[in-house]
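**Student:**
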Amino acid sequence: MARPNQARINLSALRNNLALVRQLAPRARVMAVVKANAYGHGALTIARELDTRVDALAVACIEEAQELRDGQVNSPILLLEGLFEPAELATAAARNYWVTVDNEQQLAWLEKARLPRPIRCLLKIDTGMHRLGVAPAEAGAFYRRLKACKSVSDDVVLTTHFASADDTGSDLTTTQLALFEATCQDLPGERSAANSAGVLAWPASHYDWVRPGYMLFGNSPLTGDHPNAAALEPVMTLVSAVISLRAVQPGETVGYGANWTATRSSRIATVCIGYGDGYPRLAPNGTPVLVNGQRAPLAGRVSMDMITVDVTDLADVSIGDEVILWGAGLAAAEIAQCADTIGYELTTRMTARTPRVVVTR
Ligand SMILES: *Cc1c(COP(=O)(O)O)cnc(C)c1O
Numbered sequence: 572m573a574r575p576n577q578a579r580i581n582l583s584a585l586r587n588n589l590a591l592v593r594q595l596a597p598r599a600r601v602m603a604v605v606k607a608n609a610y611g612h613g614a615l616t617i618a619r620e621l622d623t624r625v626d627a628l629a630v631a632c633i634e635e636a637q638e639l640r641d642g643q644v645n646s647p648i649l650l651l652e653g654l655f656e657p658a659e660l661a662t663a664a665a666r667n668y669w670v671t672v673d674n675e676q677q678l679a680w681l682e683k684a685r686l687p688r689p690i691r692c693l694l695k696i697d698t699g700m701h702r703l704g705v706a707p708a709e710a711g712a713f714y715r716r717l718k719a720c721k722s723v724s725d726d727v728v729l730t731t732h733f734a735s736a737d738d739t740g741s742d743l744t745t746t747q748l749a750l751f752e753a754t755c756q757d758l759p760g761e762r763s764a765a766n767s768a769g770v771l772a773w774p775a776s777h778y779d780w781v782r783p784g785y786m787l788f789g790n791s792p793l794t795g796d797h798p799n800a801a802a803l804e805p806v807m808t809l810v811s812a813v814i815s816l817r818a819v820q821p822g823e824t825v826g827y828g829a830n831w832t833a834t835r836s837s838r839i840a841t842v843c844i845g846y847g848d849g850y851p852r853l854a855p856n857g858t859p860v861l862v863n864g865q866r867a868p869l870a871g872r873v874s875m876d877m878i879t880v881d882v883t884d885l886a887d888v889s890i891g892d893e894v895i896l897w898g899a900g901l902a903a904a905e906i907a908q909c910a911d912t913i914g915y916e917l918t919t920r921m922t923a924r925t926p927r928v929v930v931t932r
């Protein structure tokens, strides 16, 4: 038997989550964010499924866009970080990539370019994230230069990005929204602000285009439960299997560093997945996994290729039994919390060693 690890990718869950986006933001168009290999889910698989169902796709950079276009994905594709060099402009024009413009250099490249076709641009305004974007006071001047630029199509979109929308009581989000409104007041054009947290919890941020990523994969970025997130279904279920079972006596230890000690006669299952496959090494003793659908805690440090699980309280565990690390029945966010990170990082850092396998349910 082959090593049994799989990241099962459930495309009906993806469609369900997109339907939730449409339901929550019925007047907005949807730009689905599939950067970083669709958050580890497999960019082409996800983009092909979404291609005819969304209004545009978004990736970080042109290399990610090329993979999708070469794979016969036809939607417009926004480059969220914009251009890294002016040579990218001809490709963007030829292949219908939209570009974020967030600084003077990118604008100057557009003004110098002679393109066969104008490019759609999103002018990014820094309303408080302080990472990318032009200052609100400069937005009008940038906007007018974009409008005058022959390489830029007339339908400039005004955009911004939230720093704390995952906190539903965030004052910063309220402030960012107000600053965005004030900045855009005299600048006609479509607007875009909402990431997944905006879609879920900030209806005033929906505007003309929403930009969900994380929620499409069935995860909620919101801190705490939220009714709007209840219908999300995880797209990725990471599975492995038990490859060894043993009895451990009280006082004996398990794994590297001997950091788990049996306090009773225990049964330890070894599961063939580790940090070399994308399971987080920082997951501590007690982190849950599902063995045959039942929760059991990690016992011992995560190795490169294996983890060890205390299955003393489970009946009938055998070699070959299925183990779910996260996904259906066990939210990636819960595992992430144990490992002091976020679900975004868990799925994004899944290694190529773990095959992505499409399932229909
Ligand atoms: C990644 C990204 C998104 C999507 O964010 P999620 O929290 O995954 O929904 C939206 N907009 C921009 C600018 C991004 O970089």
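In this note's numbering, each number is its position in the sequence shown, counted from 1, plus 571. Virtual Cβ for every residue (Gly too), placed ideally from N, Cα, C.
Reducing DSSP to helix, strand and coil, say where Trp-798 ends up.
**Tutor:** For the record, residue 798 in the displayed sequence is Pro; it is not Trp. If DSSP states are grouped into helix, strand and coil, Pro-798 belongs with the helices.
**Student:** Following the continuous beta strand (DSSP E) through Thr-808, name the residue where it begins and the one where it ends.
**Tutor:** Unbroken beta strand (DSSP E) run through Thr-808: 807-819.
**Student:** Quick one: residues in its chain with C-beta nearer than 7 Å to the C-beta of Met-875, no 5 flanking neighbours on either side, listed in chain order?
**Tutor:** Cβ neighbours of Met-875 beyond the five flanking positions: Gly-845, Tyr-846 and Gly-847.
**Student:** In its own chain, which residues sit with a C-beta less than 6 Å from the C-beta of Ile-890, not counting the 5 before and 5 after it?
**Tutor:** Excluding sequence neighbours, Ile-890 sits near Val-813.
**Student:** When you compare the region 727-736 with the region 769-778, are there three or more beta-carbon pairs, one atom per stretch, that lie closer than 8 Å?
**Tutor:** As far as the Cβ criterion goes, the region 727-736 touches the region 769-778, which means the pair count is three or higher.
**Student:** Which ranges would you report for the beta strand (DSSP E) in the region 579-634 if only whole runs of at least 3 residues count?
**Tutor:** Qualifying beta strand (DSSP E) stretches, in chain order: 600-604 and 627-630.
**Student:** Along the beta strand (DSSP E) that carries Thr-883, what are the first and last residues, could you check?
**Tutor:** Taken as a continuous stretch (DSSP letters only), Thr-883 belongs to no beta strand (DSSP E), as it is neither H nor E.
**Student:** What do you reckon, is the C-beta of Met-551 under 7 Å from a heavy atom of ligand 1?
**Tutor:** There is no way to answer for residue 551, as the model of the chain reaches only from 572 to 932.
**Student:** Just the Cα atoms here: how many angstroms apart are Ala-636 and Gln-676?
**Tutor:** Straight-line Cα distance between these residues: approximately 21 Å.
**Student:** Taking one C-beta from the region 601-609 and one from the region 622-637 each time, how about it: are there three or more such pairs within less than 8 Å?
**Tutor:** Because the criterion of three Cβ pairs below 8 Å is met, the region 601-609 and the region 622-637 touch.
**Student:** Would you call the CB atoms of Leu-654 and Val-670 closer than 8 Å?
**Tutor:** Against a cut-off of 8 Å, the Cβ pair of Val-670 and Leu-654 comes out as a contact.
**Student:** In the DSSP assignment, find the unbroken beta strand (DSSP E) run with Pro-859 in it and report its ends.
**Tutor:** It spans 859-862 - the beta strand (DSSP E) in which Pro-859 sits, taken as one unbroken run.
**Student:** So, under 8 Å CB-CB, Thr-918 and Gly-611 are touching, yes? Tell me the CB distance rounded to an integer number of Å.
**Tutor:** 4 Å between Cβ atoms; contact.
**Student:** Does the distance from the C-beta atom of Ile-690 to that of Ser-741 stay below 8 Å?
**Tutor:** No, the Cβ-Cβ distance between Ile-690 and Ser-741 is not below 8 Å.
**Student:** Is the beta carbon of Asp-796 closer than 8 Å to that of Arg-768?
**Tutor:** Strictly speaking, residue 768 in this sequence is Ala, with Arg absent from that position. No, these two residues do not count as a Cβ contact at 8 Å.
**Student:** Compute the minimum distance between the beta carbon of Ser-776 and the heavy atoms of ligand 1, and state whether it is under 7 Å.
**Tutor:** Not under cutoff, so the answer is no.
**Student:** Short check: CB of Ala-618 to CB of Asn-790, under 8 Å?
**Tutor:** The answer is no: Cβ separation not under 8 Å.
**Student:** With respect to 7 Å, is the separation between the Cβ of Arg-920 and the closest non-hydrogen atom of ligand 1 below this value?
**Tutor:** For ligand 1, not one heavy atom lies less than 7 Å from the Cβ of Arg-920.
**Student:** For Arg-835 and Pro-855, I'd like the C-alpha separation in whole angstroms.
**Tutor:** Near 19 Å, if we compare the C-alpha coordinates of Pro-855 and Arg-835.
**Student:** Give me the residue from Ser-583, Ala-578, Arg-574 and Asn-587 with the minimum Cα distance to Ala-802.
**Tutor:** Out of Ser-583, Ala-578, Arg-574 and Asn-587, Asn-587 has the C-alpha closest to the C-alpha of Ala-802.
**Student:** Note down, in chain order, each residue of its chain lying with its Cβ closer than 7 Å to the Cβ of Met-921, except the 5 sequence neighbours on either side.
**Tutor:** Cβ within range, chain order: Ala-578, Gly-611 and Gly-849.
**Student:** Below 8 Å, how does it come out for the region 824-831 and the region 641-649: are there three or more Cβ pairs, yes or no?
**Tutor:** The region 824-831, when compared against the region 641-649, does not touch it at the 8 Å Cβ threshold.
**Student:** Measuring CB to CB, does Leu-651 end up less than 8 Å from Leu-678?
**Tutor:** No, the pair does not count as a contact, with Cβ atoms beyond the cut-off.
**Student:** Where does Gly-898 sit, in a helix, a strand or coil, going by DSSP?
**Tutor:** Of the three classes helix, strand and coil, the one that applies to Gly-898 here is strand, per DSSP.
**Student:** Kindly list the residues whose CB is nearer than 8 Å to the CB of Glu-638, restricted to its own chain and excluding five residues on each side of it in sequence; keep chain order.
**Tutor:** For Glu-638, where only same-chain residues beyond five positions count, the Cβ hits under 8 Å are Ala-614 and Leu-615.
**Student:** Less than 8 Å separating the beta-carbons of Leu-771 and Ile-895?
**Tutor:** Taking 8 Å as the Cβ cut-off, Leu-771 and Ile-895 do not qualify as a contacting pair.
**Student:** In chain order, which continuous runs of the alpha helix (DSSP H) of length 4 or greater are located wholly inside the region 707-778?
**Tutor:** For the region 707-778, whole alpha helix (DSSP H) runs of length 4 or above, ordered along the chain, are 707-719, 742-755 and 767-772.
**Student:** Between Asp-884 and Ile-839, is the Cβ-Cβ spacing less than 8 Å?
**Tutor:** No; because the gap between Cβ atoms is not below 8 Å, this pair is not in contact.
**Student:** Can you determine whether any heavy atom of ligand 1 sits closer than 7 Å to the C-beta of Pro-792, and answer yes or no?
**Tutor:** At least one heavy atom of ligand 1 is nearer than 7 Å to the Cβ of Pro-792, so yes.
**Student:** Are the Cβ atoms of Ile-696 and Glu-659 separated by less than 8 Å?
**Tutor:** Result no, Cβ atoms of Ile-696 and Glu-659 do not sit closer than 8 Å.
**Student:** How close, in whole Å, do the beta carbons of Pro-851 and Thr-912 come, if the pair is a contact with beta carbons under 8 Å?
**Tutor:** Right, the Cβ-Cβ distance comes to about 7 Å (below 8 Å), so this counts as a contact.
**Student:** When we look at the beta-carbon of Asp-887 and count the other beta-carbons within 10 Å, is it buried (16 or more) or exposed?
**Tutor:** Its Cβ having fewer than 16 others within 10 Å, Asp-887 is exposed.
**Student:** Here's the rule I'm using: 16 or more other beta-carbon atoms within 10 Å means buried, otherwise exposed. How should Ser-837 be labelled?
**Tutor:** With 16 or more Cβ atoms within 10 Å of its Cβ, Ser-837 is classed as buried.
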